[in-house]
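Heads up: the sequence shown begins at 3 in this note's numbering, then just goes up one per residue.
Note sheet for the following structure.
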Amino acid sequence: MKSKAEKLKKQRVTDSTKNIDGTGTTEWAGIQNGLPRCVEVLMAIVILLIALPILSLAALLIALTSRGSVLFRQRRVGQGGHEFVMYKLRTMRRRTSGLQVTAADDRRVTSVGKILRKAKLDELPELWNVIRGDMALLGPRPEVPRYVDLRNPLWQQILQARPGITDPVTLRLRNEEKLLGAVEGDRERFYLEELQPYKLIGYVEYLQARNWRNDVKLLKDTAIGIVRPTTTPVPTFRQIRECVRNYSLRPSERSGRTQWQQE
Numbered sequence: 003m004k005s006k007a008e009k010l011k012k013q014r015v016t017d018s019t020k021n022i023d024g025t026g027t028t029e030w031a032g033i034q035n036g037l038p039r040c041v042e043v044l045m046a047i048v049i050l051l052i053a054l055p056i057l058s059l060a061a062l063l064i065a066l067t068s069r070g071s072v073l074f075r076q077r078r079v080g081q082g083g084h085e086f087v088m089y090k091l092r093t094m095r096r097r098t099s100g101l102q103v104t105a106a107d108d109r110r111v112t113s114v115g116k117i118l119r120k121a122k123l124d125e126l127p128e129l130w131n132v133i134r135g136d137m138a139l140l141g142p143r144p145e146v147p148r149y150v151d152l153r154n155p156l157w158q159q160i161l162q163a164r165p166g167i168t169d170p171v172t173l174r175l176r177n178e179e180k181l182l183g184a185v186e187g188d189r190e191r192f193y194l195e196e197l198q199p200y201k202l203i204g205y206v207e208y209l210q211a212r213n214w215r216n217d218v219k220l221l222k223d224t225a226i227g228i229v230r231p232t233t234t235p236v237p238t239f240r241q242i243r244e245c246v247r248n249y250s251l252r253p254s255e256r257s258g259r260t261q262w263q264q265e
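Here you go:
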């Protein structure tokens, strides 16, 4: 069987692709570079060393309040379609099955896990992924293989870049669990048909416009968003649907720029 990387290489687009709905073509601006890799690695090492006391305390609390490893390991799809193991602090009960998306009312999350997730402290072990080269500090969030469609031209663009811990989309969706908790009905369907396309559109537009200055500002905005989460309000269902609908239209039919370009 062919690997995801081989399939991606075969399906990779050049300078233009068909629109999401298969009509017309969209010209791609290409992936732009942000902060140099050496700077990100150095920053990841420094942050990890500073955060060691917090990580140790969090690990102790996890070990004392629930069974299982303090680390959560999950396969994600990275640059070039290659899969890798992403590390996080475990926030759910051991051996729990269910959706691969988490809502605010998810009963699988432990009491300690709720605190860690709210403060985003469960993401700290991903700094090790940055040091290893699996991820970057800044870039589109890596997705689980089940939710990656290599036939989608948006994914083909996104997977040309190294996935990251934070980006403008993730910052705006900092309270994604609250949004999913408000969904009535099939939450996985909402994620795949509405929320994920909204993310992918934002990822591509970020990658096309990024530069080191924007990435420095993004780091600052992320820090502010962690300390003051009210500064990053959750988008409404209407905003999400309008963004996806607007992007799926032919270029001549779009009502100007998307909200990601407007911000």
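Where is the CB? At the ideal position from N, CA and C, for every residue including glycine.
Check: State the start and end residues of the unbroken alpha helix (DSSP H) segment that holds residue 45.; Outcome: 39 to 67
Check: Provide the residue span of the alpha helix (DSSP H) that contains residue 203, from first to last.; Outcome: 198 to 211
Check: Nearest to residue 240 by CA position, among 181, 210, 61 and 76, is which residue?; Outcome: 181
Check: Considering only the beta carbon of each residue, do residue 36 and residue 161 sit closer than 8 Å?; Outcome: no
Check: Between residue 200 and the rest of its own chain, which residues show a CB-CB distance below 7 Å, the 5 nearest in sequence each way excluded?; Outcome: 242, 245 and 246
Check: Residues in the same chain with beta-carbon distance under 6 Å from residue 229, minus the five sequence neighbours each way, listed in chain order, please.; Outcome: none
Check: Count the other C-beta atoms from every protein chain shown that fall within 10 angstroms of the C-beta of residue 107, then say buried if there are 16 or more, exposed otherwise.; Outcome: exposed
Check: Give the C-beta separation of residue 71 and residue 92 to the nearest angstrom, bearing in mind that I take them to be a contact with Cβ-Cβ under 8 Å.; Outcome: 6 Å
Check: Could you check whether the region 138 to 156 touches the region 195 to 214, counting it as contact only if at least three pairs of C-beta atoms, one from each stretch, sit closer than 8 Å?; Outcome: yes
Check: Quick one: is the Cβ of residue 147 within less than 7 Å of any heavy atom of the ligand SAM?; Outcome: Looking for the ligand SAM in the displayed structure turns up nothing, as the structure carries no ligands at all.
Check: Just the Cα atoms here: how many angstroms apart are residue 27 and residue 104?; Outcome: Model confidence at residue 27 stands at a pLDDT of 41, short of 50, so the residue's coordinates are unreliable; what they give is reported in the following sentence. The straight-line gap from Cα to Cα measures roughly 35 Å.
Check: By Cβ distance, which residues of its chain are closer than 7 Å to residue 53, with the 5 residues on each side in sequence left out?; Outcome: 126
Check: Hey, could you find the ends of the beta strand (DSSP E) residue 139 is sitting in?; Outcome: 138 to 140
Check: Taking 8 Å as the cut-off, decide whether the C-beta atoms of residue 168 and residue 220 are in contact.; Outcome: yes
Check: Measure how close the beta-carbons of residue 136 and residue 74 come, nearest whole angstrom, since I'm counting them as under 8 Å.; Outcome: That belief does not hold up - the Cβ atoms of residue 136 and residue 74 are roughly 15 Å apart, past 8 Å.
Check: Can you tell me the Cα-Cα spacing of residue 120 and residue 63, whole angstroms?; Outcome: 15 Å
Check: Please report the distance separating the alpha-carbon of residue 149 from that of residue 194.; Outcome: 7 Å
Check: CB residue 2 to CB residue 95, shorter than 8 Å?; Outcome: The structure shown has nothing for residue 2, since the chain only spans 3 to 265.
Check: May I ask which residues mark the beginning and end of the alpha helix (DSSP H) holding residue 172?; Outcome: 170 to 174
Check: Which residue or residues does DSSP assign as beta-bridge partners of residue 166?; Outcome: 138
Check: Let me know if residue 102 comes out buried or exposed under the rule of 16 or more other beta-carbons within 10 Å of its beta-carbon.; Outcome: exposed
Check: Taking the straight line between their C-alpha atoms, what separation do you get for residue 170 and residue 163?; Outcome: 15 Å
Check: DSSP state of residue 241, grouped into three classes?; Outcome: helix
Check: Between the alpha carbons of residue 217 and residue 225, how many angstroms are there, rounded?; Outcome: 12 Å
Check: Would you call the CB atoms of residue 146 and residue 78 closer than 8 Å?; Outcome: yes
Check: Do you know offhand how far residue 124's Cα is from residue 89's?; Outcome: 9 Å
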